[in-house]
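Residue numbers (this note's numbering), protein chains in the order written: chain C, 4 to 281; chain Z, 4 to 281; chain A, 4 to 281; chain H, 4 to 281.
There are 4 protein chains.
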Amino acid sequence: MATHSEQSPPSGFRHRLHEIVFEADTPAGKLFDVVLLCAILLSVATVALESVAPIRERFGEELRAAEWGFTVLFTFEYLLRLVSVLKPWRYATSFFGVVDLIAILPTYLSLLLPGAQSLLVIRVLRLLRIFRVLKLASFLGQAEILLTALRASRQKIIVFLCGVMSTVVIMGALMYLVEGEKNGFDSIPRGMYWAVVTMTTVGFGDITPKTVVGQFIASLLMVAGYGILAVPTGIVSVELAAASRRHVDTQACPGCAAYGHDQDAVYCKHCGTALGPR
Amino acid sequence: MATHSEQSPPSGFRHRLHEIVFEADTPAGKLFDVVLLCAILLSVATVALESVAPIRERFGEELRAAEWGFTVLFTFEYLLRLVSVLKPWRYATSFFGVVDLIAILPTYLSLLLPGAQSLLVIRVLRLLRIFRVLKLASFLGQAEILLTALRASRQKIIVFLCGVMSTVVIMGALMYLVEGEKNGFDSIPRGMYWAVVTMTTVGFGDITPKTVVGQFIASLLMVAGYGILAVPTGIVSVELAAASRRHVDTQACPGCAAYGHDQDAVYCKHCGTALGPR
Amino acid sequence: MATHSEQSPPSGFRHRLHEIVFEADTPAGKLFDVVLLCAILLSVATVALESVAPIRERFGEELRAAEWGFTVLFTFEYLLRLVSVLKPWRYATSFFGVVDLIAILPTYLSLLLPGAQSLLVIRVLRLLRIFRVLKLASFLGQAEILLTALRASRQKIIVFLCGVMSTVVIMGALMYLVEGEKNGFDSIPRGMYWAVVTMTTVGFGDITPKTVVGQFIASLLMVAGYGILAVPTGIVSVELAAASRRHVDTQACPGCAAYGHDQDAVYCKHCGTALGPR
Amino acid sequence: MATHSEQSPPSGFRHRLHEIVFEADTPAGKLFDVVLLCAILLSVATVALESVAPIRERFGEELRAAEWGFTVLFTFEYLLRLVSVLKPWRYATSFFGVVDLIAILPTYLSLLLPGAQSLLVIRVLRLLRIFRVLKLASFLGQAEILLTALRASRQKIIVFLCGVMSTVVIMGALMYLVEGEKNGFDSIPRGMYWAVVTMTTVGFGDITPKTVVGQFIASLLMVAGYGILAVPTGIVSVELAAASRRHVDTQACPGCAAYGHDQDAVYCKHCGTALGPR
Numbered sequence: 004m005a006t007h008s009e010q011s012p013p014s015g016f017r018h019r020l021h022e023i024v025f026e027a028d029t030p031a032g033k034l035f036d037v038v039l040l041c042a043i044l045l046s047v048a049t050v051a052l053e054s055v056a057p058i059r060e061r062f063g064e065e066l067r068a069a070e071w072g073f074t075v076l077f078t079f080e081y082l083l084r085l086v087s088v089l090k091p092w093r094y095a096t097s098f099f100g101v102v103d104l105i106a107i108l109p110t111y112l113s114l115l116l117p118g119a120q121s122l123l124v125i126r127v128l129r130l131l132r133i134f135r136v137l138k139l140a141s142f143l144g145q146a147e148i149l150l151t152a153l154r155a156s157r158q159k160i161i162v163f164l165c166g167v168m169s170t171v172v173i174m175g176a177l178m179y180l181v182e183g184e185k186n187g188f189d190s191i192p193r194g195m196y197w198a199v200v201t202m203t204t205v206g207f208g209d210i211t212p213k214t215v216v217g218q219f220i221a222s223l224l225m226v227a228g229y230g231i232l233a234v235p236t237g238i239v240s241v242e243l244a245a246a247s248r249r250h251v252d253t254q255a256c257p258g259c260a261a262y263g264h265d266q267d268a269v270y271c272k273h274c275g276t277a278l279g280p281r
Numbered sequence: 004m005a006t007h008s009e010q011s012p013p014s015g016f017r018h019r020l021h022e023i024v025f026e027a028d029t030p031a032g033k034l035f036d037v038v039l040l041c042a043i044l045l046s047v048a049t050v051a052l053e054s055v056a057p058i059r060e061r062f063g064e065e066l067r068a069a070e071w072g073f074t075v076l077f078t079f080e081y082l083l084r085l086v087s088v089l090k091p092w093r094y095a096t097s098f099f100g101v102v103d104l105i106a107i108l109p110t111y112l113s114l115l116l117p118g119a120q121s122l123l124v125i126r127v128l129r130l131l132r133i134f135r136v137l138k139l140a141s142f143l144g145q146a147e148i149l150l151t152a153l154r155a156s157r158q159k160i161i162v163f164l165c166g167v168m169s170t171v172v173i174m175g176a177l178m179y180l181v182e183g184e185k186n187g188f189d190s191i192p193r194g195m196y197w198a199v200v201t202m203t204t205v206g207f208g209d210i211t212p213k214t215v216v217g218q219f220i221a222s223l224l225m226v227a228g229y230g231i232l233a234v235p236t237g238i239v240s241v242e243l244a245a246a247s248r249r250h251v252d253t254q255a256c257p258g259c260a261a262y263g264h265d266q267d268a269v270y271c272k273h274c275g276t277a278l279g280p281r
Numbered sequence: 004m005a006t007h008s009e010q011s012p013p014s015g016f017r018h019r020l021h022e023i024v025f026e027a028d029t030p031a032g033k034l035f036d037v038v039l040l041c042a043i044l045l046s047v048a049t050v051a052l053e054s055v056a057p058i059r060e061r062f063g064e065e066l067r068a069a070e071w072g073f074t075v076l077f078t079f080e081y082l083l084r085l086v087s088v089l090k091p092w093r094y095a096t097s098f099f100g101v102v103d104l105i106a107i108l109p110t111y112l113s114l115l116l117p118g119a120q121s122l123l124v125i126r127v128l129r130l131l132r133i134f135r136v137l138k139l140a141s142f143l144g145q146a147e148i149l150l151t152a153l154r155a156s157r158q159k160i161i162v163f164l165c166g167v168m169s170t171v172v173i174m175g176a177l178m179y180l181v182e183g184e185k186n187g188f189d190s191i192p193r194g195m196y197w198a199v200v201t202m203t204t205v206g207f208g209d210i211t212p213k214t215v216v217g218q219f220i221a222s223l224l225m226v227a228g229y230g231i232l233a234v235p236t237g238i239v240s241v242e243l244a245a246a247s248r249r250h251v252d253t254q255a256c257p258g259c260a261a262y263g264h265d266q267d268a269v270y271c272k273h274c275g276t277a278l279g280p281r
Numbered sequence: 004m005a006t007h008s009e010q011s012p013p014s015g016f017r018h019r020l021h022e023i024v025f026e027a028d029t030p031a032g033k034l035f036d037v038v039l040l041c042a043i044l045l046s047v048a049t050v051a052l053e054s055v056a057p058i059r060e061r062f063g064e065e066l067r068a069a070e071w072g073f074t075v076l077f078t079f080e081y082l083l084r085l086v087s088v089l090k091p092w093r094y095a096t097s098f099f100g101v102v103d104l105i106a107i108l109p110t111y112l113s114l115l116l117p118g119a120q121s122l123l124v125i126r127v128l129r130l131l132r133i134f135r136v137l138k139l140a141s142f143l144g145q146a147e148i149l150l151t152a153l154r155a156s157r158q159k160i161i162v163f164l165c166g167v168m169s170t171v172v173i174m175g176a177l178m179y180l181v182e183g184e185k186n187g188f189d190s191i192p193r194g195m196y197w198a199v200v201t202m203t204t205v206g207f208g209d210i211t212p213k214t215v216v217g218q219f220i221a222s223l224l225m226v227a228g229y230g231i232l233a234v235p236t237g238i239v240s241v242e243l244a245a246a247s248r249r250h251v252d253t254q255a256c257p258g259c260a261a262y263g264h265d266q267d268a269v270y271c272k273h274c275g276t277a278l279g280p281r
């Protein structure tokens with residue numbers, strides 16, 4: 004990168020730097036991003052391995068050194084990004100800007116607060132940049148469809164979650180009354196935790212009803228949870244189908260340039276003009 | 004509120020009170036509802052916290068006082084509602100009227116029956132008023148779609164539940180015979196509880212088959228439950244799709260009688276005829 | 004019933020008996036079926052309660068007596084059915100005929116083989132008669148839609164189950180090799196049982212991977228099972244949607260009397276005749 | 004088979020052998036395949052049974068002998084396939100060629116490496132040949148629809164899995180920090196294993212949160228996992244519906260260019276024009 008900066012005038016240098024650091028269209032930019040992604044993966048693996056006691060005991064020094072190496076690297080990269088962008092503040096307050104910052108902070112924080120380096124796994128969020136590297140426009144399109152579907156079903160999901168939450172609170176209190184402290188349901192919040200574990204069909208089994216009445220109520224809750232599980236799936240399916248359909252046809256009406264026509268539409272639904280062959 | 008009542012004649016006072024207590028269109032009415040919702044949330048939290056032993060030991064007095072405070076508040080509010088409404092009996096027997104009443108009864112009941120205050124979590128149902136406060140007409144529309152979908156699939160769901168119940172009874176008895184008391188299946192009802200836990204894929208693990216035959220039968224039940232789980236989801240998906248579609252538009256084209264037009268369609272997508280006002 | 008038989012000639016008596024015992028259109032027939040359903044429910048409850056040790060100790064005599072009472076009743080009813088039907092052999096070999104027979108056999112069998120009475124829960128299958136009592140034609144229609152959907156997706160489901168079975172065998176052997184006897188995976192069949200428990204997301208927790216490699220393989224299996232779970236749901240959803248659609252339109256073509264037209268069909272797909280307004 | 008070879012010239016012999024070994028259209032070919040499938044099933048059962056300690060102790064000799072018998076049989080069959088095919092190398096590197104080879108290797112390998120015979124269960128993959136024996140063209144069609152649906156949703160599923168993986172890493176680290184070693188979360192990889200177990204709603208219960216904060220975070224993860232589970236199901240449903248639709252018919256009406264006709268449609272349902280031959 005040093006060679007690039009020497010060959011170009013300052014403004015051009017900044018533009019080039021921007022192209023390398025932020026874009027993945029040039030060979031240098033692509034290389035930069037691929038190297039970066041590998042570094043992120045390695046740094047997350049380093050943090051994860053350091054938390055394993057036997058590995059920490061044998062390779063603690065090396066892992067700690069690697070961690071500092073990655074942090075210095077990412078700090079340098081963060082500064083590069085701040086320099087190369089036209090409006091640094093806007094980058095620093097953007098989603099990726101914030102992620103880039105909190106991805107380096109925990110190491111420095113661990114000097115004051117031992118153990119804070121576990122927070123470094125937040126770096127995994129930086130991997131989302133992979134979509135730019137792979138230039139997966141269609142991937143982004145797919146992600147967009149997913150998000151559109153989830154956003155469109157937002158209200159239904161909130162209504163649904165309100166119902167789930169009410170059920171959880173009431174069932175938690177009921178089981179606290181029925182089973183009581185001796186069977187592990189030692190408070191209403193504990194009962195609510197059990198109700199969530201049961202309704203979502205996770206079923207850890209760390210707390211289970213022991214009395215006949217408790218097991219009967221639990222059975223009802225499980226069958227209900229079984230049916231309730233169908234609701235979000237149904238919502239997402241319907242919205243995904245709608246989002247896919249909307250996405251599929253991208254033809255604009257020759258009369259009024261409106262789009263979003265159904266696949267089987269022959270005439271524009273807005274102005275009545277024939278849509279013609281596709 | 005006292006100032007309002009002095010400025011207005013009795014009938015106007017009652018109308019105003021109604022607007023404040025039951026509606027959320029005026030600033031006073033909205034404030035009343037928001038304060039009420041916070042009070043409900045806090046009172047539910049109070050009940051939940053009181054059930055946690057260490058917290059009860061330290062803050063038992065305060066929590067108990069808060070509980071009585073909320074109960075007095077809600078009793079006063081209940082009386083206000085009875086006063087402000089034109090047909091008090093009709094309100095008292097409506098869904099929210101009953102919920103409002105049973106939301107205050109457990110505290111008084113706890114004077115006679117210690118522990119009854121845990122029933123106060125029923126107050127969480129009062130939170131359903133939130134939909135009025137947020138004026139989320141579209142939320143209600145979404146809830147309606149969900150309910151329409153569930154109601155439309157009611158018969159299919161009953162048929163389905165009958166099948167599930169038969170399977171549960173038969174599998175419960177079979178596992179009782181195969182595994183027997185020594186492996187935890189000490190009665191047919193216990194076996195039925197296990198069958199529900201297994202078929203709904205909750206899988207607590209408090210009772211598990213130990214014999215080879217039992218594990219084989221359990222495997223069959225699990226794979227079957229896996230497929231059966233697909234049925235309610237499929238039902239709800241299909242009904243949700245139908246409900247959404249119906250919601251979208253039910254107008255037939257005056258030209259070719261086709262329907263299934265989008266809500267924003269002005270012309271029929273099949274023949275181009277203007278759809279006319281809706 | 005005795006009064007009926009006296010008033011009518013033998014053939015008419017047989018016809019009347021048939022109407023009472025097999026149909027639910029006359030008041031007497033409906034009463035017969037409702038009493039029968041209650042008796043079935045009570046007899047299943049009797050068998051279930053008898054299996055609970057403390058109840059058996061206290062009410063063993065009474066429950067045993069009730070069981071014999073129900074068995075005698077059902078034996079008498081079975082004979083009545085054989086008498087009243089025109090082709091007794093055809094009834095005896097039909098689905099309900101076989102169920103009616105095996106619903107009474109276990110009690111007689113329990114004279115020779117103690118404990119066989121638990122098999123009496125098979126009586127629960129007799130409850131399927133409820134659909135006739137309630138005259139729920141639409142219920143049967145719904146059940147038919149469900150069955151049509153399942154039958155239509157039969158081949159897809161078999162292909163799917165073959166894939167699941169192969170995965171279960173291979174994962175079971177893999178975990179047996181990786182985890183070994185000391186961690187509970189003491190044979191390949193045991194490993195296959197674990198794989199079923201895991202893939203269906205039941206997760207009892209009676210056998211769990213302890214080694215790092217085992218937990219990694221288990222994680223992959225779980226995520227795969229997560230995605231695989233989507234397949235039967237998708238299959239059933241699609242077939243249910245198709246079955247509902249086909250079912251919805253029951254109009255026959257005025258030209259060729261064919262039916263099964265789509266809801267948006269304007270012309271018969273078989274002969275091209277206009278279908279007219281619906 | 005010896006009789007066949009004597010009656011026919013070498014090239015014809017090879018052709019005949021090919022028909023018997025690779026096809027299932029002639030009686031001899033069908034017999035060969037059915038015998039082969041039974042042998043595969045039996046050999047997999049042999050391997051599974053040999054891993055059960057009590058059975059191995061009693062019948063170890065016999066099972067080991069059967070295993071060698073099957074291996075010799077399959078080796079002979081593999082050689083036959085190599086001989087009968089025109090381009091042996093192409094067969095040997097095809098999917099089934101590789102499967103056929105690795106289905107016989109572990110027995111020979113077990114001479115050097117005791118225990119390797121458990122890998123023989125890979126033979127179960129050979130059962131996929133069953134589709135040819137049963138001549139289930141429609142089965143293959145169904146499998147193709149399933150695969151098309153899965154392939155079409157590949158990108159959405161990758162996007163989805165990236166999101167799941169990020170959540171797993173972050174939740175694993177979070178729980179490691181919150182719960183710590185004393186509650187079983189002794190490293191970040193262990194926490195990630197727990198996060199997978201929880202998000203997929205498997206819920207073994209071998210590691211569970213003990214602290215209040217941990218249980219609260221776990222509850223959030225479970226409810227989120229609940230909603231997230233809906234996404235792959237929705238994706239597969241939508242793609243399956245699309246794949247089925249595409250499979251049904253892709254012909255456009257010559258009159259009005261509408262499509263989406265049923266497979267048995269002779270006339271366009273929109274304008275009544277004859278659809279012509281397909």
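Positions of the beta carbon are idealized from the N, C-alpha and C atoms, including for glycine.
- Within the segment 203-224 of chain Z, contact with chain H at the beta-carbon level (separation under 9 angstroms) is assigned to T204, V205, G206, F207, G208, V215.
- Think of a sphere of 7 angstroms around the beta carbon of L66/C: no beta carbon from chain H falls inside it, the nearest being about 12 angstroms out.
- Exposed is the label assigned to E64/A, since fewer than 16 other Cβ atoms lie within 10 Å of its Cβ.
- As the crow flies, the alpha-carbon of V216/H is around 15 angstroms from that of V199/C.
- Residue nearest to L85/A within the set V162/A, G228/A, H21/A is H21/A (criterion: CA-CA distance).
- In this structure the segment 148-165 of chain C does not touch the segment 174-190 of chain C; the number of beta carbon pairs closer than 8 angstroms is below three.
- Distance check between A221/A and each of I125/A, K185/A, Y179/A places Y179/A closest, using alpha-carbon atoms only.
- Considering only K90/C, P91/C, V47/C, P57/C, the residue with the shortest C-alpha distance to W71/C is V47/C.
- Beta-carbon to beta-carbon, T110/C and A246/C are separated by about 41 angstroms, too far to satisfy the 8 angstroms threshold.
- A contact is defined here as three or more CB-CB pairs under 8 angstroms, and the segment 33-42 of chain H fails this definition with respect to the segment 89-102 of chain H.
- Buried is the label assigned to W197/Z, since at least 16 other Cβ atoms lie within 10 Å of its Cβ.
- Counting every other CB atom within 10 Å of its CB across the protein chains shown gives R93/A a total below 16, marking it as exposed.
- Spanning the alpha carbons of F219/A and V181/A requires a straight line of approximately 11 angstroms.
- K159/A sits in a helix when the DSSP states are folded into three classes.
- Our two residues, F77/A and I161/H, have alpha carbons roughly 59 angstroms apart in a direct line.
- With a contact defined as Cβ atoms closer than 8 angstroms, T203/C and V226/H qualify at about 6 angstroms.
- By the Cβ neighbour-count rule, V75/A is exposed, with fewer than 16 other Cβ atoms within 10 Å of its own.
- Residue contact with chain H for T49/Z: absent (no Cβ-Cβ distance below 8 angstroms to any residue of chain H).
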